[in-house]
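The opening position of the sequence shown corresponds to residue 431 in the numbering used here, with each subsequent residue numbered one higher. Down below is the structure, laid out as structure tokens.
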Amino acid sequence: SINFGVGYGTESGLSYQAGIKQDNFLGMGSTISLNGTRNDYGTSINLGYTEPYFTKDGVSLGGNIFYEDYDNSKNNSVASYKRQTYGVNSTLGFPVNEYNSYFLGLGYTQDLIKNAQREFNRELYVQSMKFPIDNDLNVYKKIEANDFDFSFGWNYNSLNRGFLPTEGTLTSISGRITTPGSDNKYYKVSIDFKNYLPVNREHKWVISTKANIAYANGFSGKELPFYQTYTAGGIGSLRGFAYGAIGPKAIYLGKDNNGNIRFNSVNGDIVGGNAMASATLELITPTPFVSEKYQHNVRTSLFVDAATVLNTKWKTNPVVNDIQYNYSSLENFKDYKRFRASTGIAFQWNSPIGPLVFSYAKPIKKYQGDEIEQFQFSIGGS
431 SINFGVGYGT ESGLSYQAGI KQDNFLGMGS TISLNGTRND YGTSINLGYT EPYFTKDGVS
491 LGGNIFYEDY DNSKNNSVAS YKRQTYGVNS TLGFPVNEYN SYFLGLGYTQ DLIKNAQREF
551 NRELYVQSMK FPIDNDLNVY KKIEANDFDF SFGWNYNSLN RGFLPTEGTL TSISGRITTP
611 GSDNKYYKVS IDFKNYLPVN REHKWVISTK ANIAYANGFS GKELPFYQTY TAGGIGSLRG
671 FAYGAIGPKA IYLGKDNNGN IRFNSVNGDI VGGNAMASAT LELITPTPFV SEKYQHNVRT
731 SLFVDAATVL NTKWKTNPVV NDIQYNYSSL ENFKDYKRFR ASTGIAFQWN SPIGPLVFSY
791 AKPIKKYQGD EIEQFQFSIG GS
């Protein structure tokens with residue numbers, strides 16, 4: 431099968447997608463696919479292979495060869511950089527029973543970072559990796575890393591259907607850690623939870639709860655790569671706030687009162703944190719003016735979102751380049767109580783051109799400098 435798609439969203443702008451998929455490849459029951467996507471932030475290409483019955487016990491085998499050219503300079507909320515990534519990975523999936531499964535995987539990734547402006551958190555990472563730093567420049571000359579990783583995860587899925595479910599639970603625990611032979615030394619773990627509880631027998635009214643906790647850190651004297659941090663904001667994360675606009679702020683190079691070059695310039699750009707937590711409470715309601723025949727393809731809901739992003743290693747008086755800083759005037763980036771929250775209404779439709787998602791949200795807990803985006807939408811498909 432061949433598919434093409436065009437989409438537009440407040441997060442990624444205009445996007446294009448194309449793909450080709452061959453089921454029962456060479457008559458062996460496997461699937462091979464090639465997909466490409468382009469939007470305001472870059473281009474990605476993925477060649478995938480899946481063997482659903484790799485063994486008689488139902489163990490599946492999957493693999494990907496991928497390339498991504500990423501540039502977030504068009505996002506005014508975040509600290510910008512360019513990243514070229516390519517790699518390969520392979521995963522084995524193991525069914526346990528009707529609801530439970532787990533997976534194990536190995537992968538290789540090369541990252542090349544360009545146009546990364548010198549910044550306090552980035553400096554800690556660059557120093558730990560012993561990358562060259564030219565003090566006459568305000569950008570890093572070369573950041574390149576080759577990493578091997580081991581990934582793992584467990585899934586529990588009792589949802590009554592894959593798209594717009596109305597009953598059941600989906601829980602997953604997943605992680606990734608770099609292995610010996612890697613330039614970087616870090617790990618990432620996350621827990622995701624979704625539950626749908628119907629209020630009436632017809633499943634027209636449903637209470638939905640969602641939660642996510644994620645944590646990452648470096649080890650063996652290496653810091654977490656700054657391009658592996660977490661941010662929040664936007665559809666699927668924290669509606670009512672701009673995409674990626676929530677998280678610890680960047681501290682760029684600037685001049686102090688004596689004309690010395692120091693990390694003391696804060697302009698509101700988000701650099702991200704190593705820990706994140708988010709939660710959503712949603713009341714799914716019947717969609718007005720839509721016949722009963724099409725109710726299963728649309729969803730209207732009232733929601734409350736909340737999220738916080740932290741830097742658990744934040745210090746008020748850090749030492750960088752043998753210089754001690756005093757950041758007591760800045761917000762405490764490891765204060766978990768500094769969460770954001772919003773409430774609003776959302777609409778989803780599995781349209782002929784693909785999924786359409788609209789939301790209107792009003793922040794009910796925000797802080798000075800937060801970038802608000804009350805109306806958000808995503809239109810796209812294949």
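Where is the CB? At the ideal position from N, CA and C, for every residue including glycine.
Beta-bridge analysis with DSSP links T738 to A707. Cβ contact annotation for Q806 (same chain, cutoff 7 Å, sequence separation greater than five): T440, G664, I665, R669 and S789, in chain order. Residue range F550 to M559 is occupied by the alpha helix (DSSP H) that includes E553, with no beta strand (DSSP E) assigned at that position. The C-beta of S460 has 16 or more other C-beta atoms within 10 Å across all chains shown, which makes the residue buried. Sequence-distant partners of Y755 (beyond 5 residues in either direction) whose C-beta falls short of 7 Å from its own C-beta, in its chain, are F693, N747 and P748. In this structure, F623 sits near T601, with a CB-CB distance shorter than 8 Å.
Residue pairing from DSSP places F807 in a beta bridge opposite F788. In chain order, Y532 place their CB closer than 8 Å to the CB of V526, counting only its own chain and leaving out the 5 sequence neighbours on each side.
When rounded, the separation of the alpha-carbon atoms in G702 and E801 is 15 Å.
The criterion of a C-beta distance shorter than 8 Å is satisfied by R768 and T738.
Closest option to K764, judged by alpha-carbon separation, among G784, P678 and I794: P678. CA-to-CA, the gap between G443 and I775 works out to about 22 Å. Within the same chain, Cβ atoms closer than 6 Å to the Cβ of L594 are found at R729, the five residues on either side in sequence being excluded. Remark: C-beta atoms of E553 and V696 do not approach each other more closely than 8 Å.
Linking A707 to P793 through their CA atoms gives a straight-line distance of about 17 Å.
Just measuring C-alpha positions, the residue of I714, I563 and I783 sitting nearest I637 is I714.
Inclusion of N704 and Y645 in the CB contact set at 8 Å is warranted, their separation being smaller than that value. Membership of W635 in any beta strand (DSSP E) is not indicated, and neither H nor E is assigned to it by DSSP. If you draw a straight line from the Cα of Y479 to the Cα of G492, it comes to about 6 Å. Boundaries of the beta strand (DSSP E) around K618: Y616 to P628.
DSSP places E801 in no beta strand (DSSP E); its state is neither H nor E. The closest CA to that of I475, considering only T710, T485 and Q447, is found on Q447. Under DSSP, L600 shares a beta bridge with N587 and K624. The beta-carbon separation of N727 and N780, rounded to 5 Å, stays under the 8 Å limit for a contact. Runs of the alpha helix (DSSP H) lying entirely within the region 441–513, each at least 4 residues long, are absent. The residues S431, T461 and S463, in chain order, have a CB closer than 7 Å to that of K451 in the same chain once the five nearest residues on each side in sequence are set aside.
For K544, the enclosing beta strand (DSSP E) begins and ends at N530 to K544.
Q514 and K504 have their C-alpha atoms some 16 Å from each other.
Taking 8 Å as the upper bound for CB-CB distance, A771 and V734 are in contact here, some 7 Å apart. For T773, the uninterrupted beta strand (DSSP E) segment begins and ends at R770 to S781. Boundaries cannot be given for V569, as no beta strand (DSSP E) includes it and DSSP labels it neither H nor E. Contact annotation, E574 with L542: C-beta distance approximately 5 Å; criterion of less than 8 Å satisfied. One thing to note: S612 has its Cβ within 8 Å of the Cβ of D577. Its chain contains L477 and V518 as the residues whose beta carbon lies nearer than 7 Å to that of I495, once the 5 sequence neighbours on both sides are disregarded; these appear in chain order. Note on I783: under 16 other CB atoms within 10 angstroms of its CB, so exposed under the neighbour-count rule. When secondary structure is reduced to three states using DSSP, E761 falls in the coil class, being assigned neither helix nor strand.
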